[in-house]
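If you use this note's numbering, the sequence shown corresponds to residues 4 to 351, in order.
A virtual CB, placed ideally from N, CA and C, is assigned to each residue, including glycine.
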Amino acid sequence: MKPTSESPRTEPPIRIATGTVVKDYDWYRKWLQVAESSGFDLLSTGDSQSLWADPFITMTVAALQTTRPRIGVTVSNPQTRHPAVVASSLVALQQLSGGRIVYGLSSGDSALRNIGLRPARLTELEEYGRAVKGLCAGETVTYQGHELAMPWGRAPISLWMAAEGPRTQHLAGQIADGVVLHTALDPAVYAAAVANISAGAQSVGRSMAEIEVWCMAAMQLAASEAEGIHALRFQLAGIANFAYRFHMEGKAVPVEYQAPLRELHRRYDSGHHVDREGGDAHAALIDELGLTDFIANRSVIAGPPARCVERIREVAAFGASNLIVSQFVEDQFSFMHTFANEIRPALN
4 MKPTSESPRT
14 EPPIRIATGT
24 VVKDYDWYRK
34 WLQVAESSGF
44 DLLSTGDSQS
54 LWADPFITMT
64 VAALQTTRPR
74 IGVTVSNPQT
84 RHPAVVASSL
94 VALQQLSGGR
104 IVYGLSSGDS
114 ALRNIGLRPA
124 RLTELEEYGR
134 AVKGLCAGET
144 VTYQGHELAM
154 PWGRAPISLW
164 MAAEGPRTQH
174 LAGQIADGVV
184 LHTALDPAVY
194 AAAVANISAG
204 AQSVGRSMAE
214 IEVWCMAAMQ
224 LAASEAEGIH
234 ALRFQLAGIA
244 NFAYRFHMEG
254 KAVPVEYQAP
264 LRELHRRYDS
274 GHHVDREGGD
284 AHAALIDELG
294 LTDFIANRSV
304 IAGPPARCVE
314 RIREVAAFGA
324 SNLIVSQFVE
334 DQFSFMHTFA
344 NEIRPALN
């Protein structure tokens, strides 16, 4: 039946994912138990081998310890692992998890900077993503002039891409099943990104219905929104670093912020990337350069639970209804309990 003017308007469900980075697996097993019981839709981890434990081991533990949420790495890079190695791990993980795996990809940031490797070029990102996805689907692919096949197993995976600029967003629309946006909690930024993704999808005969768009949200529970933003400054510096490092073209960066962003990039220490314990220098740096409010407006959900619910509804109203809330907080277990008891129920 066709909807009529009297038919109630149905809004897309608000889906909330969360993630953490791992340094201790005894702690992580407890974290997984609480995270699953808290109602998160997806549990993710990062890939930066010099800073955190290996994401494929982390996803293996998650696959064995949980039963319901999807599991993913948001995000990896094409430079530190051959696509055949990655595909073999992903197919095994699909078996262990019952098909719940998401594999995220980007050009690379701290994982590469900390070992002296350059980020992947856009053409390399495309070739790598197509190779991993094809191998997991049981296809024979060509990568860097060589034919690759993986006859031992087949399990299609959901390929996601982190995409901040228009060219990467266009590519994501062509090849990805999901797109991760880091600075899109702003209606104009979100709309521009979706337009770029949609144009990429249309160029190869795809529909936006085939692509999930997820927005990263730096989240902090606090007595006020201002206090929450203040506590997240170390993380906001990291967001400003990787979102705008390569270029600012097509990213709606006002001219008055461009020179401060370049200075932040020059002085940013990737050895303490989004590191709460070592993040005082980065917190001071983003304040000094006058970038805190600019980045917070595009990436933060903070304050008391009621304000967090209000902010989530605000961004969902313009389309950002899939959120990955980070847990760079002092007490992740308390954070998840508050989410489960006060935030998640208010969104249903």
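Close-in-space but distant-in-sequence residues of the same chain around residue i (CB under 8 angstroms, 5 per side omitted)
i	result
Leu235	Ala221, Gln223, Ala299, Val303, Ala305 and Phe331
Glu9	For Glu9, the predicted model reports a pLDDT of 44, less than 50, meaning its position is unreliable; a value from the coordinates is still stated below. Cβ neighbours of Glu9 beyond the five flanking positions: none.
Ala204	Gly176, Gln177, Ser210, Met211, Glu213 and Ile214
Residue environment, residue i, which counts as buried when at least 16 other CB atoms sit within 10 Å
i	result
Thr70	exposed
Pro6	Because the pLDDT at Pro6 is just 44, under 50, the model does not fix this residue reliably, and the point stays unresolved.
Pro122	buried
Thr48	buried
Leu188	buried
Ser337	exposed
Ala262	exposed
Pro15	exposed
Ser227	exposed
Asp27	exposed
Ala212	exposed
His250	exposed
Leu115	buried
Contacting residues, own chain, Cβ-Cβ under 6 angstroms from residue i (five flanking each side not counted)
i	result
Arg103	Arg73 and Ile74
Phe342	Ser41
Val207	Gln177
Asn199	Pro169, Gln172 and His173
Gly231	Gln223, Ala225, Ala305 and Gly306
Thr77	Ser47, Gly107 and Val183
Pro159	Cys139 and Ala140
Lys136	Leu162
Residue from the options with nearest C-alpha to residue i
i	options	result
Ala179	Ala195, Ser201 and Pro122	Ser201
Glu192	Val318, Gly132, Gly282 and Ile232	In the sequence as displayed, the identity of residue 192 is Val instead of Glu. Answer by Cα proximity: Val318.
Thr145	Phe338, Asp189 and His85	His85
Asp334	Asp29, Leu188, Val182 and Trp34	Trp34
Ala152	Gly141, Ala158 and Ile160	Gly141
Gln68	Ala229, Ile160 and Asp29	Asp29
His185	Met339, Arg116, Leu326 and Phe338	Leu326
Pro308	Ile19, Asp296 and Ile346	Ile346
Asn117	Gln52, Arg209, Cys218 and Val258	Gln52
Asp283	His233, Val258 and Met251	His233
Glu150	Ala165, Leu138, Gly203 and Gly156	Leu138
Tyr271	Ala286, Pro257 and Val258	Ala286
Ser59	Tyr31, Asp44, Leu45 and Val89	Reading off the sequence shown, one finds Phe at residue 59, where the question assumed Ser. Cα-wise, what sits closest to Phe59 is Val89.
Leu1	Pro348, Gly22 and Arg32	There is simply no residue 1 to check, as the chain begins at 4 and stops at 351 in what is shown.
Tyr131	Ala175, Ala114, Gly119 and Gln205	Ala175
Pro348	Asp278, Pro257, Cys218 and Phe43	Phe43
Val256	Arg301, Asp278 and Met219	Arg301
Whole-angstrom C-beta distance between residue j and residue i, which should lie under 8 angstroms
i	j	result
Leu239	Tyr260	Not really, about 13 angstroms apart at Cβ, beyond 8 angstroms.
Thr167	Lys254	Sequence check: residue 167 is Glu here, not Thr. At roughly 6 angstroms, the Cβ-Cβ gap stays under 8 angstroms, so Glu167 and Lys254 are in contact.
Gln82	Gly111	5 angstroms
Ser329	Ile17	Their Cβ separation, rounded to whole angstroms, is 17 angstroms, which puts Ser329 and Ile17 out of contact at 8 angstroms.
Leu96	Thr63	6 angstroms
Ile315	Leu350	6 angstroms
Whether residue i touches residue j by CB criterion (8 angstroms)
i	j	result
Leu99	Ala66	yes
Ser1	Asp50	Since the first and last residues shown for the chain are 4 and 351, residue 1 lies out of range.
Tyr106	Leu162	yes
Leu108	Leu125	no
Pro190	Phe321	yes
Gly241	Ile214	no
Residues of its chain near residue i, where Cβ-Cβ distance is below 7 angstroms and the 5 sequence neighbours each way are ignored
i	result
Ala243	Leu264, Leu267, Ile289, Leu294 and Ile298
Met339	Val37, Ala38 and Ser41
Gln274	Correcting the residue identity first, residue 274 is Gly in this sequence and not Gln. The residues are Asn117.
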